[in-house]
Structures are given as structure tokens and as C-alpha cells.
Amino acid sequence: MSYEILVGLQVIDDAKYAEYRAAMKPILADYQGHFVYDFRVSEVLKTEQQDSPEQREINRVFTINFSSETHMEDFFADANYLKVKQQHFVDSVASTTIISAYQKAD
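Numbering (the numbering used here), first residue to last: 504 to 609.
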């Protein structure tokens, strides 16, 4: 069993987001995490917040997998990851939507 999350982003700076991905991947690997699928999307037909004033745009969708939910939680709380996130992610992504999180049978 592993733990996986399905994430939608509104990336507003592709170059800076690529820097974020490159900088965070070694930290991700330390927590037994990896990207499974990664898509650029051009059109979103339906979202849960379709008619909400808080509707977030999505132009990137991916799944990220960890060997356990604990590894995922520890990764996102890691001080080095938080530093990378502040340096690269904050200015490159306008919004984040966690679409789903689930246990995955391997």
C-alpha cells in the first residue's frame, strides 16, 4: 500500500515552477515520494467550485505518491522543503487544489 494525492495547480511561471520541481525532487526522494502522472491541461470543463467565488483555475494536474501517509506529511513539513517552496513555488503558482488523497494498492 502507498499513499497518493491528486493535485491541480494554476502555474503562472513555468520556468520558476521548473526550478521548484528540480529543487524539491531530492527532498521528495528522501521521503520515498515520486511523481506518477503529470499533465498540462488546456481546458477544465467542471470543478467542484464551479459557481463559487473561490473557484481556482487549473492548468497542471499530477499525482504524487509516497510509501505512506506519514512520509507525505513529513515531507510537506520538512524545513528544507518549506525553504524550497518559499523560494520557488510561491511566486510560480497562483492556486493549488487537492482534488483527492487516497490509499493505493500497489
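For glycine and all other residues, C-beta sits at the position ideal for the given N, C-alpha and C.
Residue i and residue j closer than 9 Å at C-beta
i: Y520; j: N568; result: no
i: V587; j: M527; result: yes
i: V564; j: F542; result: yes
i: S570; j: Q606; result: no
i: A604; j: M504; result: no
i: R559; j: Q589; result: no
Beta-carbon contacts of residue i that lie in its chain and below 7 Å, excluding the five residues immediately before and after
i: N583; result: I530
6 Å CB neighbourhood of residue i in its chain, flanking five on each side removed
i: T566; result: E507, L509, V539 and Y540
i: M575; result: Y506 and F569
i: I602; result: L509 and G511
Limits of the beta strand (DSSP E) - the one that residue i falls within
i: L512; result: S505 to V514
i: V544; result: Note, V544: premise wrong, no beta strand (DSSP E); not H, not E.
i: K607; result: V596 to K607
i: N562; result: Here N562 belongs to no beta strand (DSSP E), and DSSP marks it neither H nor E.
Continuous alpha helix (DSSP H) stretch holding residue i: start and end
i: V587; result: A582 to V587
i: R524; result: D517 to D533
Exposed unless 16 or more other CB atoms sit within 10 angstroms - verdict on residue i
i: I561; result: buried
i: V544; result: exposed
i: L585; result: exposed
Own chain, CB closer than 8 Å to residue i, minus 5 neighbours either side, in chain order
i: D577; result: Y534
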